[in-house]
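Reviewing the structure listed below.
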Amino acid sequence: MCVCVGLDENYTPIRTYQVCQVMEPNQNNWLRTNWIEKGDAQRIFIELKFTLRDCNSLPGVVGSCKETFNLYYQETDSEVGRSLRETQYVKIDTIAADESFTQGDLGERKMKLNTELRIIGPLSRRGFYLAFQDVGACIALVSVKVYYKKCWSIIENLATFPDTVTGSEFSSLVEVEGICVNDAEEETDNSPKMHCSAEGEWLVPIGKCICKAGFHQKGDACEPCGRGFYKSSSQDLQCSRCPAHSFTDREGSWRCDCEDGYYRALSDPPSVACTRPPSAPQNLVYNINQTTVSLEWNPPADTGGRNDVTYRVICRRCSWEPEECVPCGPNVGYSPAQSGLVDTYVGITDLLAHANYTLEVEAVNGVSDLSRTQRLFAAVSIATGQAAPSQVSDVIKEKIQQRSVQLSWQEPHHPNGVIKEYEIKYYEKDKVSTVRSRSTTATVNNLKPSTSYVFQIRAFTDAGFGTYGPRVEITTKEENAATVVSSEQNPVIIIAVVAVAGTIILVFMVFGFIIGRRYALAVYTCFLCLFFTVKFPGTKTYIDPETYEDPNRAIHQFAKELDASCIKIERVIGAGEFGEVCSGRLKLPGKRDVAVAIKTLKVGYTEKQRRDFLCEASIMGQFDHPNVVHLEGVVTRGKPVMIVIEYMENGSLDAFLRKHDGQFTVIQLVGMLRGIAAGMRYLSEMGYVHRDLAARNILVNSNLVCKVSDFGLSRVMDDDPEAVYTTTGGKIPVRWTAPEAIQYRKFTSASDVWSYGIVMWEVMSYGERPYWDMSNQDVIKAIEEGYRLPAPWTAPWPAPAHVGLLAEGPGERPKFEQIVGVLDKMIRNPNTLKTPVGTCTRPISPLLDQNAPDFTAFRTVGEWLEAIKMERYRDNFTAAGYSSLESVARMSIDDIMRLGITLVGHQKKIMSSIQTTRAQMLHLHGTGVQV
Ligand code: AMP
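Under full-length UniProt numbering, the sequence shown has 888 at position 888, and the numbering climbs by one with no breaks.
Written out as structure tokens, the structure is:
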């Protein structure tokens, strides 16, 4: 091997490693690189450029001439010198030339460069060596480019995401936490995250940072609010001008200070103007009635800029001469209150008779207590007349009889004159009576025995009646029981009632014994029938088996009991929650035998397990539709207990699609979706909400007919491995469930439509996992923030979100009826499936699909094929001479077929990617590619 100088295509001299020992057999020549430190990278790209001589072009060579060489690597943690043995290297690939064999003499030839790309990883040691083994070819290795990919540091939603090396797998997303830029903070419970894809692109931004109080966003940074502006909270978007009567002479203020004489109440937000106390109330007038005064006034001329003005009254009692005033104290009453008055009047009671008072009325608002300026009020001076006596309290029950009560009491604390008499008011229910007494005792007669009465007493002077004292409740004594016999207690009547009741019970017992429980259940069931017939005339309606008191009754109403001898179990095909799922044959008398799936209930089951197991059959048995899995019957009288269902040869849809990735035409995929939608339309019309619609719960038969399956009530969630516990309680398959069902368990046919949208995406992407490897929590968050699954970019199809299936509001989503209609139209006009369908709100051109990767960034055809998961055809492209992306972008469907790619799904996938690449090149360079 030598280090030589050759010429490239442009006849420029280049340095190469060459070997050409084609004449001698058993060649084993090695070339090894220096130790390459890999840093953080886990997935390394190796791009080789080399020339290779065609053995046929070498005159006189024997059979030992080769046209390939081998590429190896070896991971180590440090440089190991020459100690590595050849056998320790790990082979990456045998590298062959593409069409570019080099012709002519070694010395003066024109080199034809081959470019090959290989990827190694995940790597775990600190570095590695690459080695090239020649086994007898005539090669010149021109360049070896070793690189890895990373997502470059960016600022998104005010968070900085550092340079991030991509993950180890092609499909891995590396989750990266963002760090808020200066003067920004994380939004509560919404920390910023992004995902670095294997291709070095940032995807799915979640959460964000927001500028702190006093700062606002300018581009990717937070800047302080200017003088005279403020921002009180990080939640506000913009800085605002200081409100009236406030100012700030600093930058970055979160609030503005009040001007002198103006204030902000504690409850005032920074956005309201500063205010001041109100002026005094106007036009205060009064009216005296004995020892009661009423005041009225008009509102103040200036409310201080606020609308929370109330009034308070300050009462002072003054001596005659010299005038000295003291607070009125707690014995004075204010109606409705002394302070916090909203209306412009107040009544003041219980003033002393023949006394002088000063009454002040002050208007106050939310900042009155903050102000140190002088109080402003309106005042009047008044003199009271004679007062009525105060309340009579301390009433004593002296004697309680069957028909009379004797009471005594104390004179009021403030008689305010000579008490002339007392009035005793008593009432039973609504009937009020009074008696009078000149002394402080009274006996009230003519009462009813065993009756509750309420008594109140008030005093009377020349100034009138005082107010009634507190209520005193007294029950008169019972009358002697022997004297009266009421009709209800008459023993004759009691005996008669007991006899009649006994007879009725006896009749019922005999009747029940003869007719039995079945009749009662039949009546109950009949009531149900009647209920549903009345509710939905003409429509068959789903009946929840849980409404049946006896689950056996439900199962036999909806499912046929089969004789176990008609069933032949052949083999186990799966595992269900309650036992094995088998395939077999069902031969009913007089009918042809049919293939069936048989779900069995494992031995040792509890009664609840048996009920839950059969519940699925009670539900399934109510349905009869070509796109809903059909129940043949059940075996409940023998063991094992079995549910017999029509056999669906291709099993569940998700596994089926993954197994046949890319192998169906779009029409076939749309046909599957149409079937699922029709099944769901039927179920929703019956009033059945599925709650767990997902590709794994769709079964496929040998004719590619899809049928909805997996029915149950709560157990649906229990046996779904995708279901996880959410904060609202209960297990939910988060990736498939509408937000309103996750948040407050609102499961409806509209939430089934959302799940259908996810199924549509699963189908069009051949069983890809929705939201890839994002965590459930991130999915919930991303959905809340408006992120939706993009269109599977290989399909000529709008994203489910674009046709409203994943609309936020359940009412905005289409009905299954409409979905079936649209799919039918597509199937009738297959041309619409070659170009974007017109039903989406945003027309999506497959030629410039926003969700597609940037194909122009790929430098080799190999990388391009890998990106569209078609790397299996790398050799086909190489062999046919498509070595540059430009040449691929010019390919037609005929060219694709000429490569030997026969699967229609793959042809379409590649063709659609070619169209996108072409469109991107056009977009990028402004020039088209000649096709
Ligand atoms: P299940 O308990 O309904 O989830 O069923 C468990 C597995 O058994 C499914 O994932 C299917 O692979 C298979 N299976 C269930 N029902 C049928 C059927 N009717 N025909 C064929 N395979 C079925």
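Where a beta carbon is used, it is the ideal one built from N, C-alpha and C, also for glycine.
All of these numbers come straight from a predicted model, not from anything done at the bench.
Sort out for me which residues DSSP pairs residue i with in a bridge.
i           : result
residue 732 : 724
residue 868 : Partner(s): none; residue 868 has no beta bridge.
residue 114 : 50
residue 247 : 257
residue 406 : 399 and 443
residue 568 : 585
residue 319 : Residue 319 pairs with nothing; no bridge assigned.
residue 91  : 72
residue 194 : 176
At a cut-off of 7 Å, would you count residue i as near the ligand AMP, judging by its Cβ distance to the nearest heavy atom?
i           : result
residue 577 : yes
residue 213 : no
residue 933 : Not covered by the structure: residue 933. The range shown for the chain is 1 to 931.
residue 573 : yes
residue 631 : no
residue 651 : yes
residue 628 : no
residue 597 : yes
residue 710 : yes
residue 581 : yes
residue 699 : yes
Determine, using beta carbons only, whether residue i and residue j come nearer to each other than 8 Å.
i           : j           : result
residue 168 : residue 126 : no
residue 165 : residue 150 : yes
residue 689 : residue 749 : yes
residue 176 : residue 193 : yes
residue 647 : residue 595 : yes
residue 392 : residue 407 : no
residue 315 : residue 324 : no
residue 361 : residue 285 : no
residue 339 : residue 276 : no
residue 17  : residue 3   : yes
residue 576 : residue 598 : no
residue 353 : residue 416 : yes
residue 364 : residue 310 : yes
Helix, strand or coil: which one does DSSP assign to residue i?
i           : result
residue 123 : coil
residue 263 : strand
residue 443 : strand
residue 663 : coil
residue 523 : In this prediction, residue 523 has a pLDDT of 30, which is less than 50 and means its spatial position is unreliable; nothing more can be read from the coordinates.
residue 553 : helix
residue 15  : strand
residue 422 : strand
residue 372 : coil
residue 131 : strand
residue 615 : helix
residue 465 : strand
residue 357 : strand
residue 604 : coil
residue 646 : strand
residue 174 : strand
residue 310 : strand
residue 802 : helix
residue 873 : helix
residue 56  : helix
Can you determine whether any heavy atom of the ligand ADP sits closer than 7 Å to the C-beta of residue i, and answer yes or no?
i           : result
residue 603 : Absence of the ligand ADP is noted for the structure shown, with the ligand AMP being the only ligands found.
Three or more C-beta pairs closer than 8 Å, one from the segment 583-593 and one from the segment 619-631: is that the case here? no
Under 8 Å, with one C-beta from each stretch per pair, do the segment 340-357 and the segment 291-302 reach the 3-pair mark? Verdict: yes, contact present.
Say whether the segment 649-661 touches the segment 697-708, bearing in mind that this needs 3 or more beta-carbon pairs closer than 8 Å, one atom from each stretch. yes
Report yes or no: do the segment 636-647 and the segment 663-670 share at least 3 C-beta pairs separated by less than 8 Å? no
Touching by the beta-carbon criterion (3+ pairs, under 8 Å), the segment 257-268 and the segment 232-241: no
Take every Cβ of the segment 777-787, pair it with every Cβ of the segment 199-212, and state whether three or more of those distances are shorter than 8 Å. Because the criterion of three Cβ pairs below 8 Å is met, the segment 777-787 and the segment 199-212 touch.
Report yes or no: do three or more beta-carbon pairs, one from the segment 134-148 and one from the segment 50-66, lie closer than 8 Å? yes
Pairs of beta-carbons, one from the segment 441-456 and one from the segment 423-431, closer than 8 Å: are there three or more? yes
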